Amino acid sequence: MSSAGTTEVPTGLRRARIALLVSYLAQGAVFALLVTRIPSIQTQYGISDNLLPVFLAAVPILAGVGSISMEWVVKKTSPRAVLRIVQPLVCLTLLGVGAGDNMAEAAVALGAFGLMVGGLDASQAMSAVALQHRYGRSIMQGFYASYSLGGIIGALLAATGFTQLSLFGTTTALAIPVVVVASVWYAGPHELGHAVEEAAAAAARSIPWKPLLPLCLAMCVAYIADATVSNWSAKYMQDLLHTSKHMYAIPYAAYMVVMLLGRTFGDGRVQRWGSVRTVSLGAIVCAVGFGLVSVAPEQWTAVVAFAVVGLGVSVVVPQVFAAGGRLFPGASDAAVARINIFNYVGFLVGSPLVGGIAVGLDYRWAMLVPMVLVLLILLVAKSFGAPAVQLAEADTVAV
Numbered sequence: 001m002s003s004a005g006t007t008e009v010p011t012g013l014r015r016a017r018i019a020l021l022v023s024y025l026a027q028g029a030v031f032a033l034l035v036t037r038i039p040s041i042q043t044q045y046g047i048s049d050n051l052l053p054v055f056l057a058a059v060p061i062l063a064g065v066g067s068i069s070m071e072w073v074v075k076k077t078s079p080r081a082v083l084r085i086v087q088p089l090v091c092l093t094l095l096g097v098g099a100g101d102n103m104a105e106a107a108v109a110l111g112a113f114g115l116m117v118g119g120l121d122a123s124q125a126m127s128a129v130a131l132q133h134r135y136g137r138s139i140m141q142g143f144y145a146s147y148s149l150g151g152i153i154g155a156l157l158a159a160t161g162f163t164q165l166s167l168f169g170t171t172t173a174l175a176i177p178v179v180v181v182a183s184v185w186y187a188g189p190h191e192l193g194h195a196v197e198e199a200a201a202a203a204a205r206s207i208p209w210k211p212l213l214p215l216c217l218a219m220c221v222a223y224i225a226d227a228t229v230s231n232w233s234a235k236y237m238q239d240l241l242h243t244s245k246h247m248y249a250i251p252y253a254a255y256m257v258v259m260l261l262g263r264t265f266g267d268g269r270v271q272r273w274g275s276v277r278t279v280s281l282g283a284i285v286c287a288v289g290f291g292l293v294s295v296a297p298e299q300w301t302a303v304v305a306f307a308v309v310g311l312g313v314s315v316v317v318p319q320v321f322a323a324g325g326r327l328f329p330g331a332s333d334a335a336v337a338r339i340n341i342f343n344y345v346g347f348l349v350g351s352p353l354v355g356g357i358a359v360g361l362d363y364r365w366a367m368l369v370p371m372v373l374v375l376l377i378l379l380v381a382k383s384f385g386a387p388a389v390q391l392a393e394a395d396t397v398a399v
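Reading the sequence shown from the start, the letters are residues 1 to 399 in the UniProt record's numbering.
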């Protein structure tokens, strides 16, 4: 493996990393704008409360389809080529969501958003893994932080008084030139050398599923928690607390701010406490946050409660990936690829489950579901400190 970790990083690689950080920042902002405007989108298209969970569940399903499809396209082209095309299209689908006025247009716009986001997620992840492979050290945390920062920006923009079309249209008009300019410096063969092939070869190594299952469970419930906040916090403020429209996006913004801080300083906590204790405390804090959400008497208590959820979740996902890499130090890319599947599973399960309970009972009962599920992490916490698995040379378990 080529490594720039012990020498000065070439200028081309530094530029490629900054460009990809910009890509993640823009994606975080676009996604936050969409999810924090769900109540307005529901009103715009006349989507009933019973149908809303169906629409929200369809987006991660189509994202999974888009992700798988783009992996095939990438093999024929490159992650850079796909990323250059797909990210502007994601921005255009945001504009499409803001421009429609009937149910059929909502289905087309949100369906296109899901497909394009899946393709964007796949091409961004491939580019990030290849860059990390070329750097020879971990740089993934920075991309997560950039996405969180974008989410904060998007949520704050969503809290403004602009109409749906003007807000989405202005964001699209600003974001597309930014990502197009950034795409000039995306890493290609000159910067990466054989990093893409080397990472792909590592990811293709045969590893057993069993040691990863506890980590997959942790990833799944962490993303159920995340899907609950991203998809339902705005509706919680609207339907349960009856706040003004300006407040719909504030819980998600608070969640992302605290998550960014948690990820920024999370490495220090892991150094002091170790992964097992850090993740266990994160799960407990997350559960406490949802418990507070379920009993919040007014809007600002709810905002603080959602922020507490973000503090707990912030440490879990990075440590899941890190633990997977430690389990299979010679095939960390393969472990990460498997674990990453369960973020889609979490979104797919979390959104309709929480939404269905909210419609059938109310949002206070619905928030108890992720509160209970996230505590399952305590049952598998020891897996975050498990020793590396020794692979037999003849291991033939399929990836």
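Note that beta-carbon positions come from the ideal geometry of N, C-alpha and C, so glycine has one too.
Please read these numbers as outputs of a predicted model, since none were measured by experiment.
Under 8 angstroms by Cβ, that's how I've got Val313 and Ala381 pegged, so tell me the actual separation to the nearest angstrom.
Locating residue 313 in the sequence shown gives position 313, where the first residue counts as 1. Locating residue 381 in the sequence shown gives position 381, where the first residue counts as 1. That pair is no contact at about 15 angstroms.
Is Met237 closer than 7 angstroms to Val293 when the C-beta atoms are compared?
As a position in the sequence shown, residue 293 is number 293, starting the count at 1. As a position in the sequence shown, residue 237 is number 237, starting the count at 1. Against a cut-off of 7 angstroms, the Cβ pair of Met237 and Val293 comes out as no contact.
Candidates Gly114, Cys286, Leu378 and Val308: which alpha carbon is nearest Leu217's?
For this step, residue 217 is matched to residue 217 along the sequence shown. Among Gly114, Cys286, Leu378 and Val308, the Cα nearest to that of Leu217 is on Leu378.
Since Gln87 and Val179 should fall inside the 8 angstroms C-beta cutoff, what is the C-beta to C-beta distance between them, to a whole number of angstroms?
Taking the first residue of the sequence shown as 1, we reach residue 87 at position 87. Taking the first residue of the sequence shown as 1, we reach residue 179 at position 179. Right, the Cβ-Cβ distance comes to about 5 angstroms (below 8 angstroms), so this counts as a contact.
Determine the DSSP secondary structure at Ala203, reduced to helix, strand or coil.
The sequence position of residue 203 within the sequence shown is 203, counting from 1. Caution applies to Ala203, whose pLDDT of 49 falls short of 50 and renders its modelled position unreliable; the model cannot decide the point.
Can you find the residues in the same chain that come closer than 8 angstroms, C-beta to C-beta, to Gly310, ignoring five residues on each side of it along the sequence?
The count along the sequence shown starts at 1 and reaches residue 310 at position 310. Here the set comprises Val229, Ala254, Tyr255, Met256, Val257, Val258, Met259, Gly262 and Gly289.
When the Cα atoms are used, what is the spatial distance from Gly5 to Ala16?
Numbered from its first residue, the sequence shown carries residue 5 at position 5. Numbered from its first residue, the sequence shown carries residue 16 at position 16. With a pLDDT of only 41 at Gly5, under 50, the local geometry of the prediction cannot be trusted, and the value read off the model is given with reservation. Looking at the two C-alpha atoms, the distance is approximately 16 angstroms.
Could you tell me which of Glu105, Trp72 and Ile152 sits nearest to Gly118, measuring between CA atoms?
For this step, residue 118 is matched to residue 118 along the sequence shown. The shortest C-alpha separation from Gly118 is found at Trp72.
What is the rounded straight-line gap between the Cα of Tyr344 and the Cα of Pro60?
Here the question's residue 344 lines up with position 344 in the sequence shown. Here the question's residue 60 lines up with position 60 in the sequence shown. Approximately 6 angstroms, taken between the alpha carbons.
Could you check whether the stretch 130 to 147 touches the stretch 91 to 107, counting it as contact only if at least three pairs of C-beta atoms, one from each stretch, sit closer than 8 angstroms?
The stretch 130 to 147 vs the stretch 91 to 107: no contact.
Closer than 7 angstroms by C-beta to Phe384: which residues in its own chain qualify, once you throw out the five before and the five after it? Chain order, please.
The residue you call residue 384 lines up with position 384 of the sequence shown. Only Ser275, Val276, Val279, Gln319 and Ala323 meet the Cβ criterion.
Given this structure, state the Cα-to-Cα distance separating Pro10 from Gly350, to the nearest angstrom.
Along the sequence shown, read from residue 1 onward, the residue named residue 10 stands at position 10. Along the sequence shown, read from residue 1 onward, the residue named residue 350 stands at position 350. Whole-angstrom Cα-Cα distance: 42 angstroms.
Could you tell me if Ala272 is buried or exposed, where buried requires 16 or more neighbouring beta carbons within 10 angstroms of its beta carbon?
Counting from 1 along the sequence shown, the entry for residue 272 is found at position 272. Before going on, a small fix: residue 272 reads as Arg here, not Ala. Burial call: exposed.
Determine the DSSP secondary structure at Gly262, reduced to helix, strand or coil.
Taking the first residue of the sequence shown as 1, we reach residue 262 at position 262. Note: Gly262 maps to helix in three-state DSSP.
Need the endpoints of the alpha helix (DSSP H) that Phe321 sits in, please.
For this step, residue 321 is matched to residue 321 along the sequence shown. It spans Val316 to Leu327 - the alpha helix (DSSP H) in which Phe321 sits, taken as one unbroken run.
If we ignore side chains and look at the alpha-carbon of each, how far apart do Gly100 and Tyr248 end up?
If you number the sequence shown from 1, residue 100 lands on position 100. If you number the sequence shown from 1, residue 248 lands on position 248. Cα-Cα distance, rounded: 21 angstroms.
Under the assumption that Ala19 contacts Ala182 (Cβ atoms under 8 angstroms), give the Cβ distance between them as a whole number of angstroms.
As a first step, residue 19 must be located in the sequence shown, where it is residue number 19. As a first step, residue 182 must be located in the sequence shown, where it is residue number 182. Contact holds; Cβ gap of about 4 angstroms.
With Ala130 and Val30 assumed to form a contact (beta carbons below 8 angstroms), what rounded beta-carbon distance in angstroms separates them?
Counted from its first residue, the sequence shown places residue 130 at position 130. Counted from its first residue, the sequence shown places residue 30 at position 30. Not quite, the Cβ-Cβ distance comes to about 23 angstroms (not below 8 angstroms), so this is no contact.
Does the Cβ of Pro177 have 16 or more other Cβ atoms within 10 Å, making it buried, or fewer, making it exposed?
Your numbering for residue 177 matches position 177 in the sequence shown. It counts as exposed.
For Phe306 and Lys76, I'd like the C-alpha separation in whole angstroms.
On the sequence shown, position 306 is the one that residue 306 refers to. On the sequence shown, position 76 is the one that residue 76 refers to. Using only the alpha carbons, I get a separation of about 43 angstroms.
I'd like the span of the alpha helix (DSSP H) that includes Ser48, first residue to last.
Working through the sequence shown from its first residue, we reach residue 48 at position 48. Ser48 -> no alpha helix (DSSP H), and no H or E assigned at all.
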